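Novice:
In my numbering, the protein residues as written are 3 to 95.
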């Protein structure tokens with residue numbers, strides 16, 4: 003089985019989503035789909051997932067001195083859990 007969940011996103015916005023809507027944010031593999039993400043979260047954390055939303059980000063152009071480059075592309079998934087369930091992202095991820 004390939005590694006689908008890379009790491010949780012810990013930002014101020016993702017913390018507000020956790021508290022208000024029981025939503026958790028993860029960086030995921032770019033070619034994974036919503037079904038694979040849902041299964042990976044359910045297996046790893048032992049919870050039931052209600053909904054998965056994904057966003058593809060294109061890396062921005064970057065420059066260091068005279069060298070031009072590009073930041074990496076990435077995919078972010080926002081996973082919504084049922085109201086009665088919670089996730090310990092810091093302990094298990």
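Cβ coordinates follow ideal geometry from the N, Cα and C atoms, glycine included.
What you are looking at is a predicted structure, and each value in this text was computed from that prediction instead of being measured.
If you follow the alpha helix (DSSP H) that residue 19 is part of, which residue opens it and which one closes it?
Specialist: Start at 1 with the first residue of the chain shown, and residue 19 comes out as number 17. Its alpha helix (DSSP H) spans residues 14–23.
Novice: What would DSSP say about residue 10, mapped onto helix, strand or coil?
Specialist: Residue 10 sits at position 8 when you count from the first residue of the chain shown. In this structure, residue 10 counts as strand in the three-state DSSP scheme.
Novice: Out of 22, 36, 62 and 18, which has the shortest C-alpha to C-alpha gap to residue 7?
Specialist: To locate residue 7, count along the chain shown from 1; it is residue 5. Of 22, 36, 62 and 18, the residue nearest in Cα terms is 36.
Novice: Classify residue 83 as buried or exposed, calling it buried when 16 or more other Cβ atoms lie within 10 Å of its own Cβ.
Specialist: Along the chain shown, one-based indexing puts residue 83 at 81. Residue 83 should be labelled buried.
Novice: What number of angstroms, rounded off, separates the C-alpha of residue 29 from the C-alpha of residue 81?
Specialist: As a working mapping, residue 29 is identified with position 27 in the chain shown. As a working mapping, residue 81 is identified with position 79 in the chain shown. Their backbone Cα atoms lie some 11 Å apart in a straight line.
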